[in-house]
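Quick notes on the structure that follows.
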Amino acid sequence: MSDPQSSVDVCLIREGAIFFDVRPMMGPAGRRVGRCQDARMPKTLPALADTSPICCAPLGTTAALSEEDATSLAVRLKALADPVRLRMVAHLLAAPRCEACTCELAPVVGLTEATVSHHLASLLGAGLATKRREGLNVYYRLDCDALSAVARTLSPVGC
């Protein structure tokens, strides 16, 4: 019998499948809580469609980062923090005019066009990409200014 008070996550990988330990955890005052209710879990970012330009100084140049600037940067980093989206960004950066349609991106990442569109919607919502329709195809283009702004914000100063 497993110990219900254990908070150790067990992850087993077998033949491409990932299994996680789903034993209940004990919260404050001995109450059983699920992983989503655990007070130690980080808060999720708000679901914002933030296409405003990033205008904060590179991290490390000032002692503080405003809450608004931190949220703006975090929304963009969250949109980039997915392996599939990073692969699409890499393909778009290598494509002529940094542009491609979903029919070109789907085989690159091995997903359906609908799933690719879902991932691209995250990049659009974060202001990292734009789209245009041409006939039945939708072409997505990276906003190089927005990507450069994220890179400039994260460039190390004084390290």
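Mind the numbering: the sequence shown is residues 18 to 176 in this note's numbering, read in order.
Virtual Cβ for every residue (Gly too), placed ideally from N, Cα, C.
In this text, all values refer to a predicted model and were calculated from it rather than measured experimentally.
Per DSSP, the bridge partner or partners of residue i
i           : result
residue 118 : 156
residue 150 : 155
Residue nearest to residue i in terms of C-alpha spacing, selected from the options
i           : options             : result
residue 138 : 166, 162 and 99     : 99
residue 135 : 163, 150 and 102    : 102
residue 130 : 171, 114 and 105    : 105
residue 115 : 89, 85, 158 and 142 : 158
residue 113 : 161, 83 and 133     : 161
residue 86  : 172, 173 and 167    : 167
residue 140 : 91, 82 and 173      : 91
Burial state of residue i (16 or more Cβ within 10 Å)
i           : result
residue 163 : buried
residue 96  : buried
residue 150 : exposed
residue 93  : buried
residue 89  : buried
residue 171 : exposed
Counting Cβ pairs, one atom from each stretch, are 3 or more of them under 8 angstroms apart for the region 92-111 and the region 127-147?
yes
Okay, do the region 150-161 and the region 110-128 touch, 3+ Cβ pairs below 8 angstroms being the bar?
Touching, per the Cβ criterion.
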